[in-house]
Structure formats: C-alpha cells, structure tokens
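*Asks:* Mind having a look at this structure? Questions to follow.
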Amino acid sequence: MKKYFRNVSSFEDLKSQYKALLKANHPDNGGDLEVMKEINVEFDALFPIWKNRKETELGETINETASS
C-alpha cells in the first residue's frame, strides 16, 4: 500500500497529509475519482492504527502525570 502517505509521524500528520491530498486530488477540483478512491482506502487503513497509537500515548501521559 503506502502509495500516497509518506513519512507519517503522528495522527495529526496523517490528517494533514490527507487534507492536502484531498485538496489536490478531489474530483470537484479536477482530480481523478479512482485516485481519490485509492487515497481513501489507504487513509481508512492507516486511520485506526494512528488513532489507537495517539490514544495509547495519551493514556501513558495521563498515567505518568497521575503517578507523579
């Protein structure tokens, strides 16, 4: 996979790249519908991974703060 999203370093970075890809490739802006479908499939696969990673990191931060 990993055709459109490169060097994603955080959940926020994933969302930022997705928004930029939407802007550049959306069919309403002259982009290709098939490319947009591929971007959405890739985003849908990466989204839960990065969301879970963010929630895990937030949970660890909260636990560290609570035990301090």
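Residue 4 is where the sequence shown starts when you use this note's numbering, and the numbers rise one by one after that. Note that CB positions come from ideal geometry on N, CA and C, so glycine has one too. From a predicted model like this one, the values you see are computed outputs, not experimental measurements.
Specify the secondary structure class of residue 5 as computed by DSSP and reduced to three states.
*Replies:* coil
*Asks:* Could you compute how far the alpha carbon of residue 61 sits from the alpha carbon of residue 19?
*Replies:* 19 Å
*Asks:* In terms of residues, what are the limits of the alpha helix (DSSP H) holding residue 16?
*Replies:* DSSP places residue 16 in the uninterrupted alpha helix (DSSP H) bounded by 14 to 28.
*Asks:* What would DSSP say about residue 35, mapped onto helix, strand or coil?
*Replies:* coil
*Asks:* Can you say whether residue 52 is buried or exposed, counting buried as having 16 or more other CB atoms within 10 angstroms of its CB?
*Replies:* Exposed is the call here.
*Asks:* Check residue 11 in the structure and name its three-state DSSP category.
*Replies:* Of the three classes helix, strand and coil, the one that applies to residue 11 here is coil, per DSSP.
*Asks:* Between the region 31 to 39 and the region 9 to 16, do three or more beta carbon pairs fall short of 8 Å?
*Replies:* no
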